[in-house]
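Counting from 12, one number per residue, gives the positions in the sequence shown under my numbering.
The structure appears below as structure tokens.
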Amino acid sequence: MKHSAKSKAPYWILAFSVLCAVLVILFFYFISSEKSQQSEQVGEEKIPESKTSQLPSFTIKTIDGKTITKNDIYGKVVFLNFFATWCPPCKAETPGIVALYNKYSSRGLIVLGISVDQENPTERVKDFVQAYRINYPVAIADREIVRLFGDIRSIPTSFLIDKNGRIRKRLVGYQDESTLERLIQHLLEEKEEPQVQI
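Okay, here's the thing in structure tokens:
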């Protein structure tokens, strides 16, 4: 009987080792899967050709009382940024956006910030603009503008629009300054296609 008990011991050790190995593999698989899902939710969102559409016609009023329409920004490279004053990633990327506007506005870059704040939006947005020294136009979103741009569900969400009024990129989540600069430079270097007279 003693010999039998000793012979069974290695099997228990082996079974325990296999179980531990399986648990470790499952653990790392879960972590990897979770990170993969997060990376898909945040970053540069690829747009199918069928959805790379023209910028929709819109009218929006900035917090300074200026009205901006699609026609006002046509022929320029436009960075359209939906944000909220309480959103940490929005706060983190704003200084970079300001720096890029200062650097490239003379070359035709237009930046338009659109706040989705709902509680005391005007006061909050004005404080945000002052705190981050924002010198590009900022407006407060209404339901129509949100609908026109595909029902914004995550913030920040930004759109890069080329000189021909086409939405070229939809960017979801925080974007670092170097990534935005690369994309903006690419669009600034493109030539505007001549408009067809009808």
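Virtual Cβ for every residue (Gly too), placed ideally from N, Cα, C.
Values in this document were obtained by computation on a predicted structure and should not be read as measured data.
Practice problem: Would you please state the rounded distance, in angstroms, between the beta carbons of Pro-148 and Leu-123? I believe it to be under 8 angstroms. | Solution: 5 angstroms
Quiz item: Taking the alpha-carbon positions, what's the Leu-194 to Asn-92 distance?
Solution: 14 angstroms
Quiz item: Is the number of C-beta pairs between the segment 158 to 171 and the segment 180 to 196 that are closer than 8 angstroms three or more?
Solution: yes
Quiz prompt | Residues bridged to Phe-93 (per DSSP) | solution = Ile-125, Thr-168
Quiz item: Apart from the five residues just before and just after Pro-132, which ones in its own chain have a Cβ nearer than 8 angstroms to its Cβ?
Solution: Ser-126, Ile-151
Quiz prompt | Three-way DSSP call (helix, strand, coil) for Ala-152 in this model | solution = coil
Quiz item: Mind checking Glu-104: buried by the 16 CB within 10 Å criterion, or exposed?
Solution: buried
Self-check item: Residue burial classification, Thr-78 (beta-carbon count within 10 angstroms, cutoff 16)
Solution: exposed
Quiz item: Do Ala-95 and Ile-166 have their CB atoms nearer than 8 angstroms?
Solution: yes
Quiz item: So is Lys-202 buried or exposed if we call it buried at 16+ other beta carbons inside 10 Å?
Solution: exposed
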